[in-house]
Amino acid sequence: MEIILKEDIIGLGYKNDIVTVKKGYGRNYLIPSGKAVIASESAKKILAENMKQQAHKLAAIKAAAQEKAAKLEGVALEIAAKVAATGQLYGSVNAAKVAEALAEKGIEIDRKIITMRDVKQVGEYEAIVHFHKEVEVKIPVSVIAENAPVEVAEETPDTKVAEEAPATEETVAETPADEETPAEA
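Numbering (this note's numbering), first residue to last: 74 to 258.
Quick look at the structure:
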């Protein structure tokens, strides 16, 4: 079933796009909720006429989207998450966490326009921000361990120092005791 979208629907299309959907999805959800109309010949002609009239408005919307995208150029995110001993994250890093990290940098973006699969491992990933159907920005996201490597790095030197220190003290303590015993006798 072909329909014309009246608004942007994530995962399906943008406003005024002609898309094909399953009949049930179109009849039972999109059309009754006012998010789409059936793409008849007359509806397509009306859409074409409206698109000609709104061309200058669409250009302004695209320019605004490109301006927002320019702010994100060169931005790289580093998100710290708690990690289990097996290397798995407790929870996951997703679009909502990316939106929070961007907000911390002073860039407010709705999480709904960010596309990223749920990440459950430490590593390098990519999030895509869709500002407009023709304007999108790819942001590198580095997921790092918040707890595991830091603790291991701190424990290793302390353990070595702790093992060496008692051995040195025992040797020093035994040496003066041995020297004093012959002197008294």
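Using N, Cα and C, we set each Cβ at its ideal position, and we do this for glycine too. No experiment lies behind these values; they were computed from the predicted model shown.
From the DSSP output, in three-state form, read off residue i for me.
{"i": "E80", "result": "coil"}
{"i": "Y102", "result": "helix"}
Evaluate residue i with the Cβ neighbour count: other Cβ atoms within 10 Å of its Cβ, from every protein chain shown; 16 or more gives buried, anything less gives exposed.
{"i": "A172", "result": "buried"}
{"i": "I119", "result": "exposed"}
{"i": "K144", "result": "exposed"}
{"i": "G179", "result": "exposed"}
{"i": "G86", "result": "buried"}
{"i": "E227", "result": "For E227, the pLDDT reaches just 42, beneath the cut-off of 50, and the residue's location in the model is therefore unreliable, although a value from the coordinates is still provided. By the neighbour-count rule (16 or more Cβ atoms within 10 Å), E227 is not buried but exposed."}
{"i": "A137", "result": "exposed"}
{"i": "G170", "result": "Looking at the sequence itself, residue 170 is Lys, so the reference to Gly does not match. Label assigned to K170: buried."}
{"i": "A121", "result": "exposed"}
In the DSSP assignment, what residue or residues form a beta bridge with residue i?
{"i": "V92", "result": "I76"}
{"i": "G97", "result": "DSSP, once it has assigned bridges, lists no residue as partnering G97."}
Quick one: complete alpha helix (DSSP H) runs, 4+ long, within the segment 147 to 220? The segment 147 to 220 contains these whole alpha helix (DSSP H) runs: 168 to 177.
Alpha helix (DSSP H) segments (min. 4 residues) lying fully within the segment 104 to 136: Complete alpha helix (DSSP H) runs here, min 4: 114 to 126.
Touching by the beta-carbon criterion (3+ pairs, under 8 Å), the segment 178 to 194 and the segment 159 to 169: Judged by Cβ distances under 8 Å, the segment 178 to 194 makes contact with the segment 159 to 169, as three or more pairs qualify.
Inter-stretch contact at 8 Å, needing at least 3 Cβ pairs: the segment 212 to 221 / the segment 152 to 159: Contact between the segment 212 to 221 and the segment 152 to 159 is present, with at least three C-beta pairs closer than 8 Å.
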